[in-house]
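Participant: Using full-length UniProt numbering, read the sequence shown as starting at 1 and increasing by one per residue.
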Amino acid sequence: MAVDRLSVLDSSFLELESPNHHMHVGGLGIFEAGLRYADVVRVLRDRIEQVPNARRRVRALPAVAGRPLWVDDPDFDLTYHVRHAALPAPGDAHQLGEFLSRLMGRALDRDRPLWEIYVIDGLEGDRVGMFRKVHLAMANGEAGDPFSVLLDEGRNELQPEVGRFNRAWHPDRPPPRSAVLADAMGSRLERVRQVGLAAVESLDPRVGLPRAGAVAESAFGLVTRLVQGAPTSPLNRRLSPHRRFATATCQLDDLRIVRRAFGGSINDIVVTVVGDAVGRLLRWRGHETKDLDLKIMVPVRVHEGATHQPGLGEAFTVGDGVVGVLAPLPVMEMDPVARLYRIMGELAGLKESRQAVAADQLVRVAGYAPPAMHALAARVVSGEQRYNIALSNAPGPQTPRFLAGNLLEESYPFIPLAGDSALSLAVSSYDGRMHFGLLGDRDTLFDIDRLSDFVTESVADLRHAAEVHLAAEQESTS
Numbered sequence: 001m002a003v004d005r006l007s008v009l010d011s012s013f014l015e016l017e018s019p020n021h022h023m024h025v026g027g028l029g030i031f032e033a034g035l036r037y038a039d040v041v042r043v044l045r046d047r048i049e050q051v052p053n054a055r056r057r058v059r060a061l062p063a064v065a066g067r068p069l070w071v072d073d074p075d076f077d078l079t080y081h082v083r084h085a086a087l088p089a090p091g092d093a094h095q096l097g098e099f100l101s102r103l104m105g106r107a108l109d110r111d112r113p114l115w116e117i118y119v120i121d122g123l124e125g126d127r128v129g130m131f132r133k134v135h136l137a138m139a140n141g142e143a144g145d146p147f148s149v150l151l152d153e154g155r156n157e158l159q160p161e162v163g164r165f166n167r168a169w170h171p172d173r174p175p176p177r178s179a180v181l182a183d184a185m186g187s188r189l190e191r192v193r194q195v196g197l198a199a200v201e202s203l204d205p206r207v208g209l210p211r212a213g214a215v216a217e218s219a220f221g222l223v224t225r226l227v228q229g230a231p232t233s234p235l236n237r238r239l240s241p242h243r244r245f246a247t248a249t250c251q252l253d254d255l256r257i258v259r260r261a262f263g264g265s266i267n268d269i270v271v272t273v274v275g276d277a278v279g280r281l282l283r284w285r286g287h288e289t290k291d292l293d294l295k296i297m298v299p300v301r302v303h304e305g306a307t308h309q310p311g312l313g314e315a316f317t318v319g320d321g322v323v324g325v326l327a328p329l330p331v332m333e334m335d336p337v338a339r340l341y342r343i344m345g346e347l348a349g350l351k352e353s354r355q356a357v358a359a360d361q362l363v364r365v366a367g368y369a370p371p372a373m374h375a376l377a378a379r380v381v382s383g384e385q386r387y388n389i390a391l392s393n394a395p396g397p398q399t400p401r402f403l404a405g406n407l408l409e410e411s412y413p414f415i416p417l418a419g420d421s422a423l424s425l426a427v428s429s430y431d432g433r434m435h436f437g438l439l440g441d442r443d444t445l446f447d448i449d450r451l452s453d454f455v456t457e458s459v460a461d462l463r464h465a466a467e468v469h470l471a472a473e474q475e476s477t478s
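1. How far does the alpha helix (DSSP H) with alanine 246 in it extend, from its first residue to its last?
2. My output table needs one value for isoleucine 415: the three-state DSSP class, helix, strand or coil.
3. Note the first and the last residue of the continuous alpha helix (DSSP H) segment covering tryptophan 441.
4. Compute the Euclidean distance between the alpha carbons of glutamate 410 and histidine 435, then round it to the nearest angstrom.
5. Tell me which same chain residues have a C-beta within less than 6 Å of the C-beta of tryptophan 284, skipping the five on either side of it?
6. Could you tell me whether the Cβ atoms of isoleucine 343 and threonine 272 are closer together than 7 Å?
7. Taking the C-alpha atoms as reference points, what is the distance between glycine 91 and alanine 246?
8. So within the segment 32-98, which uninterrupted alpha helix (DSSP H) runs reach at least 4 residues, ignoring any that extend past its ends?
9. Is the beta carbon of leucine 87 closer than 7 Å to that of alanine 95?
10. Among residues of its own chain, excluding the 5 on either side of leucine 123, which ones have a beta-carbon nearer than 6 Å to its beta-carbon?
11. Name, in chain order, the residues that DSSP records as bridge partners for lysine 295.
12. Going by DSSP in three states, glutamate 124 sits in which element: helix, strand or coil?
13. Are the beta-carbon atoms of proline 416 and serine 428 separated by less than 7 Å?
14. Going by alpha carbons, who is nearest to leucine 407 out of Gly437, Leu326, Ala394, Glu153?
15. Tell me the residue span of the beta strand (DSSP E) that contains alanine 426.
16. Express the C-alpha separation of threonine 477 and tryptophan 115 in angstroms, rounding to a whole number.
17. Does the Cβ-Cβ distance between alanine 466 and valine 270 come in under 7 Å?
18. Just curious, the alpha helix (DSSP H) that asparagine 267 is in, first and last residue?
19. Just verifying my parser: in three-state terms, what is the DSSP assignment at methionine 334?
20. Excluding the five sequence neighbours on either side, which residues of its own chain have a C-beta within less than 8 Å of the C-beta of tyrosine 80, listed in chain order?
21. Helix, strand or coil for alanine 168 per DSSP?
22. I'd like to confirm the pairing. Which residues does DSSP put opposite isoleucine 389 in its beta bridges?
23. For proline 336, which residues from the same chain have a beta carbon less than 8 Å from its beta carbon, with the 5 sequence-adjacent residues on both sides left out?
24. Is the distance from the Cβ of isoleucine 117 to the Cβ of arginine 132 below 7 Å?
25. Provide the residue(s) that pair with tyrosine 118 in DSSP beta bridges, ordered along the chain.
26. Measure the C-alpha to C-alpha separation of glutamate 346 and glutamate 333 and round it to an integer number of angstroms.
27. To the nearest whole angstrom, what separates the beta carbons of serine 11 and proline 68, a pair I think is in contact under 8 Å?
28. Please report the distance separating the alpha-carbon of phenylalanine 454 from that of serine 7.
29. Answer yes or no: do arginine 450 and arginine 244 have a C-beta to C-beta separation smaller than 7 Å?
30. Could you say which of Ala89, Pro74, Thr456 lies nearest to arginine 280 if we only look at CA atoms?
31. What is the residue span of the alpha helix (DSSP H) that glutamate 153 lies within?
32. How is histidine 24 classed by DSSP in three states: helix, strand or coil?
33. Between Ser148, Gly440, Val40, Arg47, which lies nearest to proline 234 when the distance is taken from Cα to Cα?
34. Given a cut-off of 7 Å on the beta-carbon distance, is the pair threonine 249 and arginine 433 in contact?
35. For histidine 24, count neighbouring C-beta atoms within 10 Å of its own C-beta (all shown protein chains included) and say buried if the count is 16 or more, exposed if not.
36. I need the straight-line Cα distance from valine 58 to valine 278, nearest angstrom please.
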């Protein structure tokens, strides 16, 4: 019987979780009128085999037995995970936000598979909401998110292959203790072998020295930023268990016009919008932002200078891929175009300097220590005062998606709060629109709805500046 362990990184998310720090991600989908709870249950029941861990739970182990296991849940009940709720009239955005805020403040049940879906009736216009939570230990790509298998590209629902995705499910028994212990011992021996191979290859100066230099340079740059810490900010406080949620949206074309006028990437523009909105919020509260330069954890894509450390796996890579960097967030800058140019320069410089180290590198190195060390390493990497705000920006499909023939109209992601950072933002594009999911600590971000308004205002100001710039360019060339 196979022993299926959580990865080092996935295990660390379990270790990081505490009553005040929830390690679940997810989002809110808004569907047109007509979607029913029974439709969601039926479609997911047909397709759930496409999500490997949807019917599996985590089995914790003593340190000597290695990392936790994925095991089938013999008591799996789909209707426990897919829940039905309704808002009272009028079902407006404020009511929905309050309901979701309470759901986000609740940890997932570790005795069950680590996900939940809520189908929410009663939204304005008879629309239907779908809120989902998935633990980071499970959310390792689309295969870990039950929501990913619910959507179709057309109104005609795709039926599962007969005999493949709708067969009866019989849970496997967990592996015996002897198999778990033998697997743990084998894993330790394999790690020793990999480290030995890496050491031998590193003796070749043509190979080892350039790699060591690249990795050391990257690690030094990141560690320096971590040690320096983030500036003191009203947005950094000891977190409570409770959350607030808000959303904002704009046309994707708004950001494309800005890009056409001033250059940069959509990601640069999103960071600019966030910096402006946060600055407006702080000034609205009465805080002075003239000398305040916050730090934001933001994803960037690095294309060049990739290096690979042998024996450490593909995750230990510096270069190509999306990585997280600590970047200044110039909330003091009042001019939207100047703010954009500054952010473009900062992010370009970070990518060119190899300080963009893949976030899972440091955590995966902890895999060479016993499981008790994973929590320590992960907590150090996720220590307080490293940054003020976390941002995740991911492109989504630009064509409509449907569930049981019902159109998905809006899709808002969210990411958890970490350390003492009381605000995180997740942004996704979908069908021509940008959707901002804002998550805040309930005590610190009591005015998160104002922040949502400021996001909208910031986009409008940037677009106006871009239109003025493009009009002037056109006039000068005519």
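A virtual CB, placed ideally from N, CA and C, is assigned to each residue, including glycine. What you are looking at is a predicted structure, and each value in this text was computed from that prediction instead of being measured.
Facilitator: Result, derived from the coordinates:
1. It is not in any alpha helix (DSSP H) - alanine 246 instead sits in the beta strand (DSSP E) that spans 243-251.
2. coil
3. The residue asked about is misnamed: residue 441 is aspartate in this sequence, not tryptophan. First-last for aspartate 441: 433-441, but that is the beta strand (DSSP E), not the alpha helix (DSSP H).
4. 7 Å
5. none
6. Cβ distance < 7 Å, so isoleucine 343 and threonine 272 count as in contact.
7. 15 Å
8. 37-47, 78-81
9. Note on residue identity: the sequence assigns glutamine, not alanine, to residue 95. Yes; because the gap between Cβ atoms is below 7 Å, this pair is in contact.
10. Gly91, Gly129
11. Pro328
12. helix
13. no
14. Glu153
15. 423-430
16. 57 Å
17. no
18. 266-285
19. coil
20. Arg112
21. coil
22. Ile296
23. Thr272, Asp276, Ser458, Asp461, Leu462, Ala465
24. yes
25. Arg83, Phe131
26. 14 Å
27. In this structure serine 11 is in contact with proline 68, their Cβ atoms being roughly 6 Å apart against a cut-off of 8 Å.
28. Between the C-alpha atoms of phenylalanine 454 and serine 7 there is a straight-line separation of about 40 Å.
29. no
30. Thr456
31. No alpha helix (DSSP H) contains glutamate 153, which DSSP labels as neither H nor E.
32. strand
33. Gly440
34. Closer than 7 Å, so yes.
35. Buried is the call here.
36. Separation of valine 58 and valine 278 (C-alpha to C-alpha, rounded to the nearest whole angstrom) is 38 Å.
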